[in-house]
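Chain order of the listed sequences is A and B. Just so you know, we're using my numbering here: the first sequence kicks off at 117 and counts up by one. Just so you know, we're using my numbering here: the second sequence kicks off at 117 and counts up by one. Backbone N, C-alpha and C define an ideal beta-carbon position, used for all residues, glycine too. Data first, discussion second: the structure below is written as structure tokens.
2 protein chains.
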Amino acid sequence: LFDPLKPALPRSYAQTELGHGSNLRKLETTATFIQETDEFELHSPTLTSLKWWPGALARSSNYAAVFAHLILPDGKDYGMHAFLTQIRDGNHDPMPGIEVGDIGALAVPSILFFFLLQFNSIDNGYLRLTRVRIPRSQMMQRFAKVSRDGVYSKSINDKLTYATMVSVRADIVTNSSNILGKAVTIAVRYSAVRSQGNNPSGEGEYQILDYTKQQHTLMTSLGLTYALHYTGKYMREMFEANLRNIMNGGDTSMMEDVHAVSSGLKAVCSQMVLESIELARQACGGHGYSHLSGLPWLYEMYAQYPTVEGENTILHLQTGPILLRQLARACTNPSSLAPHIAYLADAPALLSSHCPVQHEDDWLDPMVQLRTLQHRDVRQMNVLADDMEATRRVASHKQLDIKNQHMLEIIQISKSHCQTTIVYTFHHALPTIQRDHPQLYPALKRLSDLHTLHTIQTNLADFLIDGYVDAQQAAMLPKLVKRLVKEARQDAVGYVDAFGFSDNSLGSALGRYDGNVYEALYKWTKLGEEIVKDGGGGVKRDYREVLQEIREVGKRETRKAKL
Amino acid sequence: LFDPLKPALPRSYAQTELGHGSNLRKLETTATFIQETDEFELHSPTLTSLKWWPGALARSSNYAAVFAHLILPDGKDYGMHAFLTQIRDGNHDPMPGIEVGDIGALAVPSILFFFLLQFNSIDNGYLRLTRVRIPRSQMMQRFAKVSRDGVYSKSINDKLTYATMVSVRADIVTNSSNILGKAVTIAVRYSAVRSQGNNPSGEGEYQILDYTKQQHTLMTSLGLTYALHYTGKYMREMFEANLRNIMNGGDTSMMEDVHAVSSGLKAVCSQMVLESIELARQACGGHGYSHLSGLPWLYEMYAQYPTVEGENTILHLQTGPILLRQLARACTNPSSLAPHIAYLADAPALLSSHCPVQHEDDWLDPMVQLRTLQHRDVRQMNVLADDMEATRRVASHKQLDIKNQHMLEIIQISKSHCQTTIVYTFHHALPTIQRDHPQLYPALKRLSDLHTLHTIQTNLADFLIDGYVDAQQAAMLPKLVKRLVKEARQDAVGYVDAFGFSDNSLGSALGRYDGNVYEALYKWTKLGEEIVKDGGGGVKRDYREVLQEIREVGKRETRKAKL
Ligand SMILES: Cc1cc2nc3c(=O)[nH]c(=O)nc-3n(C[C@H](O)[C@H](O)[C@H](O)COP(=O)(O)OP(=O)(O)OC[C@H]3O[C@@H](n4cnc5c(N)ncnc54)[C@H](O)[C@@H]3O)c2cc1C
Ligand SMILES: Cc1cc2nc3c(=O)[nH]c(=O)nc-3n(C[C@H](O)[C@H](O)[C@H](O)COP(=O)(O)OP(=O)(O)OC[C@H]3O[C@@H](n4cnc5c(N)ncnc54)[C@H](O)[C@@H]3O)c2cc1C
């Protein structure tokens, strides 16, 4: 009857509680082993121990992986483990001892009155367990198990959890590139259709994509989109290499690098992508504020990413200290460093060098670009290591307090290193592109240059402060970036068409392939009105039907674009 | 019967069309004078000429001020004028020739299915006019009129429109400070309640407000909130002085300054506030993503401000060139400059000087702070003026194209000058505070210092690039900012309590004065569920009733805060 491996409906991952998220050790839910009945008793002792946020819990799931402190008959707490727990019965009613509900419900009626909006994603719920019994077999035994007589044993290296986390984070990076790709596609296509302002020649108007500010915003976001695509790919390869190492003889030497870079990259990338979606939305003017543009939805959906799968600040605070350890290790054991971080071994040379740029085009040399970023990174790491050492010496601070005092700088070295890694992974992909797709290479090299030089330009103080880049070299950057933006603008529509998003997947009246923006805005608006009228102020027609209709319209009209 | 001065319902301001917003000259709606009947005929000739976005149009208004090209019997186009037009009759049905509807309707059913979210604010609509006749008297005659025989005359100086725009923009700045104040209140109060992570002493946990990163985020936003409060005040005073000048003898000499600064400030402030709301939201972790925090709503509502009341990019592009003219004027007629921009007259001295800071505390001198910012401004303006002149000389570009080539730098000088103006207005307010509220002065001086030095720090490259600030002086800034943040943290709860927002006005489970965050989250969640259950999947109870209930709960629980 009960098959834990084949739940009929999506299974919730119930870890976070009302009172605690990031700090797993402070979660309060307990799972006490009851030897008499060979069961675990799951319990939520307080209000703050209620599970809060798990996806699919509000309505869909009938099973949840519940994380709880394992308490054994010896009275000891063996830390957090997962327990597969049935939360709803065959009629989809809560099981005995279970209180389960929807944390997004309050938003529903409010919106009917055009009142509030909600960021909540689909189906997030809460869960209270009151002395709920489950068979011992339902402890999820991937990492540890408990015997019939209550004895604990570890099953396999829990470093594997790390490996899985990296996989999830690689997916987030790749996925972020997709999401930003959608936003940029919408904004670029619309900017090629929208006219506003007078043309200098006096005839007609400017396409807004011909304004250099609009170009700058959208082309730099395009550069980021492509960069993150290659970063995601690199992370996935690293993940697989690491997994192979662990599987073939338990070599965990790559683990720390992989953990550090995947944490930091998830944080840097989710923050940059969120900001870039918002810029794309604003670049569409008034129509970008309408949900018919598809952009508000992208923003609101994506706005969870700086928080979920590792809160960004906390991730940087994990990456930073590892980088300092890697810097120390670089002297003694340089060959142990993964390729993207091998530059730490070169720290002395990087520190004593000066940016060699003499002419504008020297900035287009990938080595010059990368070494500029790497110089900054090792300098910042060095300064921080010294500062922390000094704090340690003068005061009798505890470790955590020293970390707290240097938190901003720890976060900074993580951010810097991840910016460099994104550039590295783009560079890393280029030779293969040059070999396999020589006709595409110039367009991609241009975006790589644009992304890299824009990164240097927006962090310019980091390079000026110790004179690595001088004023003359710095003054070349805005000119060069303008040139690259202008060149990229020529291929703008091609760059976004290459993502291959269908009109359906964009769900945007502005981002249509055929460029019939105004017709679509008007048609969708009338459609919405009809639905409301049908329902006499409420809603009678099923939205799915409407969605189908929109899709059909979309399909019919996906013919050759005007652009 | 018809009294245009007393419309029963809110009146819409119908200017923007589907195809054009910022570029008013390209709006397509026409108002043709029909001499035979002494009427205007309003007409929407194309799909793109439909009025789109006006507030209150979707459902509420029965009259709209419709902007249209005035066409007189001589066949000439006299440009945009406003015409008061009845759009709905006594039964609230559309008048003949009127098609009117809701541009947000499609979002309603979607949300019922937890599907989409919408940025649309309340009641935005569209309007098509098909040869609609209105009496001549309904032309809004504040600025111009048309006689019985079709002759056009201007009524008063249309510079007054400018004056009104400034007033609106001053309100936006003040209002932005309020909105950000709400976001910061919520985040600070929650951060004083939320515990996460281990305390270095090993006992209990950190309040998250004790993490220096959290402090840095929230205290710098607090500084901005206070700064913008004083900026709004300064702008309102400037607006009134300008109006007095115009009324008393038509002195319009302040006009250009006032226009420039109000445009740029609206743009800078709306962008910074939007970003800061998002940071406050993220600082609340997972609960910040829930609408129960009140933060998503603030973000989504505020997200219109970079676009409405003058699109930000376009505003900067208006301010920038005026600044260049003012710089030129500063040599010949320095006394004509408003106080916040009088420094342009000091350009030569500013350009040739060097930051005098020797010890960390020298950075706390308001004059040192201000001159650092002002030096940057005049340097950037000078460079831009020279560059534009060079472009003009070598090429035979038209004016608009030269502007397009230098767009990023034009925007930059506007942004820089406005950052300086915000600092100036905060400084400007301090002596009065010191005199009238000496006990408050230290707390406000601290926020002014924090806001100013944080501004310099986040734009550090601007000051390093020409050596005005050297590496040693720059290295003092992070230390000083940390110190100020730490001091501000001590008063954090006091700073936000001083805004005096009631629990009702915050609408947030996290921002409660009494600190009972978890109880509120749970209670509101249960309330939401009940409503959904009541309606059998739909919604039966009126939301206003629910809102009332929430408010009652809120009121009862607004007792002395725990914080
Ligand atoms: C849409 C959505 C879906 C979710 N789905 C699930 C799910 O399916 N299952 C599940 O179990 N959970 C889920 N969650 C919960 C999510 O995992 C947590 O919200 C996330 O881990 C962040 O934890 P928190 O909310 O406790 O934030 P907090 O840790 O409370 O963070 C609040 C603030 O404190 C700061 N802070 C906290 N600790 C430190 C520290 N040590 N040093 C410095 N600063 C610190 C943070 O930087 C942040 O600014 C979901 C959340 C959301 C928003
Ligand atoms: C919530 C909301 C409420 C509104 N309420 C009303 C209302 O009550 N009444 C009303 O009449 N209107 C209203 N509007 C419309 C609003 O006034 C316009 O959306 C706004 O003026 C911007 O114009 P636009 O949409 O045409 O943007 P666009 O001008 O099309 O802007 C699109 C992009 O092009 C760029 N761009 C445009 N021109 C230039 C240029 N010359 N140089 C460089 N870049 C340029 C912009 O920077 C932007 O990135 C409302 C809009 C919203 C979102």
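By a beta-carbon distance limit of 8 Å, F183 (chain B) does not contact G266 (chain B). Their separation comes to about 20 Å. Cβ proximity to chain A below 7 Å picks out H332 from the stretch 330–342 of chain B. By the neighbour-count criterion, in which 16 or more other beta carbons inside 10 Å mark a residue as buried, V510 (chain B) falls on the exposed side.
Contact between the stretch 385–393 of chain B and the stretch 465–481 of chain B is absent: fewer than 3 CB-CB pairs across the two stretches fall below 8 Å. Around T162 (chain A), the same chain offers G135, E144 as residues with beta carbons nearer than 8 Å, after the five sequence neighbours per side are excluded.
Of all alpha-carbon atoms in A:G313, A:Y415, A:G348, A:T328, the one lying nearest the alpha-carbon of Y322 (chain A) is that of A:G313.
For G366 (chain B), the secondary structure class from DSSP, reduced to helix, strand or coil, is coil.
Judged by DSSP secondary structure, I538 (chain A) falls within the alpha helix (DSSP H) whose first and last residues are 523–552. Excluding residues up to 5 positions away in sequence, C471, V473 lie with their Cβ nearer than 6 Å to the Cβ of Q589 (chain B) in the same chain. In this structure G610 (chain B) is exposed. Its beta-carbon is surrounded by fewer than 16 other beta-carbon atoms within 10 angstroms. Just measuring C-alpha positions, the residue of A:A587, A:I581, A:T536 sitting nearest H570 (chain A) is A:T536. In this structure, the alpha-carbon of Q254 (chain B) lies about 19 Å from that of P170 (chain B).
Between the alpha carbons of L200 (chain B) and N520 (chain B) lies a distance of about 37 Å.
Annotation for Y129 (chain B) indicates a beta carbon within 8 Å of some heavy atom of ligand 2.
Taking the Cβ of M196 (chain A) as the reference point, every heavy atom of ligand 2 lies at 8 Å or farther away. Excluding five sequence positions before and after T347 (chain B), the CB atoms of its chain that fall closer than 6 Å to its own CB belong to V289, I538, T541, given in chain order. For A444 (chain B), the number of other beta carbons within 10 angstroms of its own is below 16, and it is reported as exposed. Scanning the stretch 371–407 of chain B for uninterrupted alpha helix (DSSP H) segments of 4 residues or longer gives 371–399, listed from N- to C-terminal end. Around Y418 (chain B), the same chain offers I295, V389, L390, I393 as residues with beta carbons nearer than 7 Å, after the five sequence neighbours per side are excluded.
For A636 (chain A), there are no neighbours in chain B by C-beta distance under 7 Å, as the nearest C-beta there is about 11 Å away. Residues of the stretch 139–155 of chain B with a Cβ closer than 7 Å to any Cβ of chain A, in chain order: N139, K142. For the pair I518 (chain A) and L460 (chain A), the Cα-to-Cα distance works out to about 24 Å. Y268 (chain B) and R249 (chain B) have their alpha carbons spaced roughly 19 Å apart.
Distance from A180 (chain A) to A260 (chain A) at the Cβ level is roughly 19 Å; contact not present, criterion being Cβ atoms closer than 8 Å. Bridge pairing for R127 (chain A): A:Y179 [DSSP]. Judged by DSSP in its simplified three-state form, I250 (chain A) adopts strand. For Q434 (chain B), same chain residues with a beta-carbon under 7 Å away, outside a window of 5 residues either side, are S379 in chain order. Under a 10 Å Cβ-count criterion, C400 (chain A) is classified as buried, with 16 or more other Cβ atoms of the shown protein chains found around its own Cβ. A straight line joining the alpha-carbon of I430 (chain B) with that of H475 (chain A) spans about 34 Å. With contacts defined by Cβ atoms closer than 9 Å, R258 (chain B) and L158 (chain B) do not form a contacting pair. Near chain B, meaning a CB-to-CB distance below 9 Å, the residues of the stretch 384–398 of chain A are Q387, L390, E391, E394, R397, Q398. Membership of Y268 (chain A) in the beta strand (DSSP E) is indicated by the continuous run 268–270. When the Cα atoms are used, C447 (chain A) and G436 (chain A) turn out to be separated by approximately 18 Å. Residues are counted here when their Cβ sits less than 9 Å from a Cβ of chain A; for the stretch 417–430 of chain B these are M417, A419, Q420, P422, T423, V424, E427, N428, T429, I430, given in chain order. Near chain A, meaning a CB-to-CB distance below 7 Å, no residue of the stretch 455–473 of chain B qualifies. The stretch 490–505 of chain B makes no contact with the stretch 611–623 of chain B: fewer than 3 CB pairs, one atom from each, lie closer than 8 Å.
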